[in-house]
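Okay, so here's the structure we're looking at.
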Amino acid sequence: MLSAKHIELVKSTIPLLESAGTDITEYFYQRMFKHNPELKHIFNMSNQRSGGQPAALFSAIAAYAKNIENLAALSGAVERIAHKHTSLNIQPEHYPIVGHHLLATLRELAPEAFTAEVEEAWAAAYGVLAGIFINREDELYQKNANQVGGWLGARQFKVIEKRQESALVTSFIFAPVDGEPVVDYQAGQYLGIKVEPANHEYREMRQYSLSDKPNGKTYRISVKREDSRTPDDKPGTVSNYLHDQVHVGDVLDIFPPAGDFHYVERNEPVVLISAGVGVTPMQSMLEMLASKMCDKPVFYLHACENLAQHSFNERVQALTSELKLAHHTWYRELDGNEQEALNSQGSSGSVNSHMGFMNLVPLKAELPLDKGDFYLCGPVVFMSFVKQQLIELGVEDTRIHYEVFGPHSDL
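Quick note: the sequence shown uses the UniProt record's numbering, first residue 1, plus one each step.
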């Protein structure tokens, strides 16, 4: 337990944290990777270059300081981060390293304000938080290990199928090398993947949403090739490696399914909303609902650039006959051939297509705004845009659930 004095001292540093902003976490990561370069094998270095991870860590530190008297307010963030940590195989021995560099960062950046007394308070506060994470992560590790098909740490899986789903997305189906069962997961969760690209400085670890229903034998992920968006931008290291260098028969290290974003069984209608490769956890949910012969209303709203980039399009159309599924798609642009193909699909009556940005107002009489559960996945800008529409249409914030690919960002 933290003393009242410790709490007071930690809270007194909030103005310092807010004025320094992400300078704190950028310095922290530079310091940590300089003195402990082995951690580059765990952290996503692309997120370091983009600034996404320093921003996410700063947000977490500031939230902890502000809620240090009410840690229950952080339960959602703790659960999300703990799941992410298990997909990276984070262990208790990593926490003292992070704590050491965090305290050193605050001491070096603000020597006058970060007195010995303040440092003692922050050390105690970090110890409490580290203990919360260590305990929760141990629970998750043990839960996975004790289930049928479960395991701890990395397990070798072979690629048994590689299938192109659209112009930019390819699916990989993995089976365990040991031939034993694989642990089930909740639709919407992800896998941790470890790869070692040739001539690359360090190993890379990523998380990819599972895109099929559980079957106890294999896993499927569907990966978007991340190209350079600007001349100064680098293409996605792991996504391009998977697309270009990983083939059927290759073996990868995989960590058990994790993630706090997943379908929750209730009797209410469900609305799945995605954009781009955000389709992947939604596809898992749709496949799971179909396998359970779900008889409640299901709505699937998807946005993508064009027909060529529309992953799982034909499969979702087929699912309209297996579910009480209302399916709407928004395209940003279509060429002549795509428009003709879309018109042909539309004649079947199973496709509702729109052009431009997703606009939910025309669907307000159709959507279960008063009682449905809404699941969102896609670019942060897209999800913020959609969430604002839902709130304005009367959907309660507690019924809107979302997944961010990459460092977390509040909508």
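Ideal placement from N, C-alpha and C gives every residue a C-beta, glycine not left out.
Buried or exposed for residue i, please, with buried defined as at least 16 other CB atoms from any protein chain shown within 10 angstroms of its CB.
| i | result |
| --- | --- |
| K5 | exposed |
| H328 | buried |
| G131 | exposed |
| P96 | exposed |
| G394 | exposed |
| A275 | buried |
| E38 | exposed |
| A82 | buried |
| K224 | buried |
| V381 | exposed |
| residue 424 | Within the shown structure, residues of the chain are numbered from 1 to 411, placing residue 424 beyond reach of any answer. |
| H247 | exposed |
| S12 | exposed |
| G216 | exposed |
| T280 | buried |
| K324 | exposed |
| S348 | Caution is warranted here: a pLDDT of 49 is assigned to S348, below 50, making its placement in the model unreliable, and the coordinate value is therefore given only provisionally. The residue in question, S348, is exposed, as its Cβ has fewer than 16 Cβ neighbours within 10 Å. |
| S239 | buried |
| P92 | exposed |
| A72 | exposed |
| P362 | exposed |
Smallest Cα separation from residue i: which of the options?
| i | options | result |
| --- | --- | --- |
| S3 | E69, S87 and I221 | E69 |
| D335 | T25, E305, R49 and F405 | E305 |
| V264 | T280, L286 and V248 | L286 |
| F172 | V183, I160 and F357 | I160 |
| G179 | K158, Q317, A187 and P256 | K158 |
| W151 | V381, S87 and A20 | S87 |
| V271 | F255, L9, D253 and F299 | F299 |
| E119 | L103, K387, E108 and P269 | L103 |
| H354 | T320, V316 and L301 | L301 |
| A365 | L376, A326, F385 and H401 | A326 |
| E409 | T25, R49 and A56 | First, the amino acid is wrong: residue 409 is Ser here, not Glu. Nearest option by C-alpha distance: A56. |
| P235 | L319, N47, Q30 and M1 | N47 |
| Q53 | A65, N67 and I24 | I24 |
| Q389 | P407, E403 and F357 | F357 |
What are the boundary residues of the beta strand (DSSP E) that residue i is part of?
| i | result |
| --- | --- |
| Q164 | R155 to Q164 |
| R220 | Y219 to K224 |
| T329 | L325 to Y331 |
With DSSP run on the structure shown, which of helix, strand or coil describes residue i?
| i | result |
| --- | --- |
| P176 | strand |
| A4 | helix |
| Q147 | coil |
| V316 | helix |
| I400 | strand |
| K194 | strand |
| I391 | helix |
| S311 | coil |
| L369 | coil |
| S347 | In this prediction, S347 scores a pLDDT of 44, lower than 50, which makes its location untrustworthy; no coordinate-derived value is stated. |
| Y126 | helix |
| L411 | coil |
| E204 | strand |
| S385 | Correcting the residue identity first, residue 385 is Phe in this sequence and not Ser. Looking at F385 - three-state DSSP - the assignment turns out to be helix. |
| N352 | strand |
| A121 | helix |
| V169 | strand |
| Y141 | helix |
| F133 | helix |
| H262 | coil |
| A303 | strand |
| S209 | strand |
| L39 | helix |
If I follow the unbroken alpha helix (DSSP H) through residue i, where does it start and stop?
| i | result |
| --- | --- |
| P54 | G52 to K66 |
| T86 | S75 to S87 |
| A258 | That residue, A258, is in no alpha helix (DSSP H); its beta strand (DSSP E) goes V251 to A258. |
| L242 | T237 to Q245 |
| H100 | H94 to L109 |
| Y27 | D23 to H35 |
| E15 | Checking the displayed sequence, the identity of residue 15 turns out to be Pro instead of Glu. Its alpha helix (DSSP H) spans residues I14 to A20. |
Cβ of residue i less than 8 Å from any chain C Cβ?
| i | result |
| --- | --- |
| E8 | Protein chain content of the structure displayed is limited to a single chain, and chain C is not contained in it. |
Quick one: complete beta strand (DSSP E) runs, 3+ long, within the stretch 266-299?
The stretch 266-299 contains these whole beta strand (DSSP E) runs: 270-275.
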